[in-house]
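Chemist: Per this note's numbering, residue 34 is the first one in the sequence shown, and the count goes up by one each step.
Cβ coordinates follow ideal geometry from the N, Cα and C atoms, glycine included.
What follows is a single structure, and I will ask about it in a moment.
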Amino acid sequence: MRPPSLALDLVHSLDPLAFAEDRLGFVPDPWQAGLLRSRRRQIILNCSRQSGKSTAAAILALHTALYTPESLVLLVSPSLRQSKELFGKVTGFLKGLEPTEVLEEDNRLSCALANRSRIVSLPGDQKTIRGFSGPALIVEDEAARVMDETHTAVRPMLAVSQGQLVLMSTPNGKIGHFYEIWREGGQDWERIELPATQCPRISPEFFEQERRVMGPLLFEQEYCGVFHDSAMNVFSGDLIQAALVDYFPPFLEMAPA
């Protein structure tokens, strides 16, 4: 593959979708194209298993690091194993680029590019995250399973950099920051929802087989983006929410006897 011309490189720097198609040979689904071109600062993805959310997020992370010199990209996952998986997708795209990008550092969970950008993958422990600041992009993978304390530790990092925050996951009950943001995040968040029925790589036959094997509740959670109450909940989330009130009338002063 010939090196991109200066004009084409400028196009790639401004358009992550063109970069993905031209330099990675990636043909995105429409929702992936929308994610890559989104300029919203906060995006939450409620997408089916095997829908391609990790692949799209990896391309977004790589584009940010390549075309924002001296930037920091953080990939946050619930566990070390998941951290390695997402980071592996990013470095797989990176090492497949032609011409080859020069790496100043390359190890199992981080890499540094010649433009002094860094991509760092972290397991979801707030103690390992608090030392970072000013990221251009934070991707929170399997966000419904990332601890709320970790999410709370991540958010202040973006206060000065005004970087982008992407949460992506399948549901994991009506609890936690992923559920609360999906339900009540308001206009501050762009929401992308993709059930398995809208993913061209999941056949109807497999879809129906999974429905039979998994049972309705787990199937709807993993493939349809439905938030169900946790099996450990004594009361349903809707019932608890209905019992909460924001206003307490003042106590009436008792008249002296």
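Using only CA atoms, which one of Phe52, Asp62, Gln83, Trp64 lies nearest to Ala94?
Modeler: Phe52
Chemist: Roughly how many whole angstroms lie between the Cα atoms of Arg151 and Cys144?
Modeler: 6 Å
Chemist: Exposed or buried, Asn205, counting other C-beta atoms within 10 Å across all chains shown (16 or more means buried)?
Modeler: With 16 or more other Cβ atoms within 10 Å, it is buried.
Chemist: If you reduce the DSSP assignment to three classes, tell me which class Cys257 lands in.
Modeler: Helix, per DSSP.
Chemist: Here's a check: name, in chain order, each residue in its chain whose Cβ is nearer than 7 Å to the Cβ of Arg73, leaving out the five neighbours to either side.
Modeler: These residues qualify, in order along the chain: Glu223.
Chemist: How many angstroms separate the CA atom of Met265 from the CA atom of Thr133?
Modeler: With a pLDDT of 45 at Met265, under the threshold of 50, the modelled position of this residue cannot be trusted, and the question is left open.
Chemist: Pick out whichever of Ala186, Glu54, Lys160 has its Cα sitting closest to the Cα of Ile171.
Modeler: Ala186
Chemist: Beta carbon of Ser87, beta carbon of Lys122: below 8 Å?
Modeler: A Cβ-Cβ contact shorter than 8 Å links Ser87 with Lys122.
Chemist: Going by the CB atoms, is the gap between Gly157 and Val135 shorter than 8 Å?
Modeler: The criterion of a C-beta distance shorter than 8 Å is not satisfied by Val135 and Gly157.
Chemist: Are Glu226 and Asn79 close, meaning C-beta to C-beta below 8 Å?
Modeler: yes
Chemist: Based on DSSP bridge pairs, tell me the residues matched to Ala145.
Modeler: Glu138, Arg151
Chemist: If we call anything under 8 Å between Cβ atoms a contact, is Ser263 one with Ile208?
Modeler: yes
Chemist: Tell me where the beta strand (DSSP E) around Glu223 begins and ends.
Modeler: 223 to 227
Chemist: I'd like to know whether the C-beta atoms of Arg234 and Gln83 end up nearer to each other than 8 Å.
Modeler: yes
Chemist: Which residue marks the beginning of the alpha helix (DSSP H) containing Ser116, and which one marks its end?
Modeler: 113 to 128
Chemist: In chain order, which alpha helix (DSSP H) runs of at least 4 residues are fully inside the segment 41 to 107?
Modeler: 49 to 56, 63 to 70, 86 to 100
Chemist: Which term fits Asp139, buried or exposed, when burial requires 16 or more other beta carbons within 10 angstroms of its beta carbon?
Modeler: exposed
Chemist: Is it the case that the Cβ atoms of Cys257 and Pro228 are separated by a distance below 8 Å?
Modeler: yes
Chemist: Please go through the same chain and pick out, in chain order, the residues whose beta-carbon is closer than 7 Å to the beta-carbon of Trp64, but skip the five residues on each side of it.
Modeler: Ile225, Leu227
Chemist: To the nearest angstrom, how far is the alpha carbon of Thr230 from that of His184?
Modeler: 30 Å
Chemist: On the three-state DSSP scale, how would you describe Ser303?
Modeler: In the structure as shown, the chain starts at 34 and stops at 290, and residue 303 therefore has no counterpart that could be examined.
Chemist: On a CA-only basis, which of Leu57, Pro61, Glu118 is nearest Ser154? Give me that one, please.
Modeler: Comparing Cα-Cα distances from Ser154 to each of Leu57, Pro61, Glu118, the minimum goes to Glu118.
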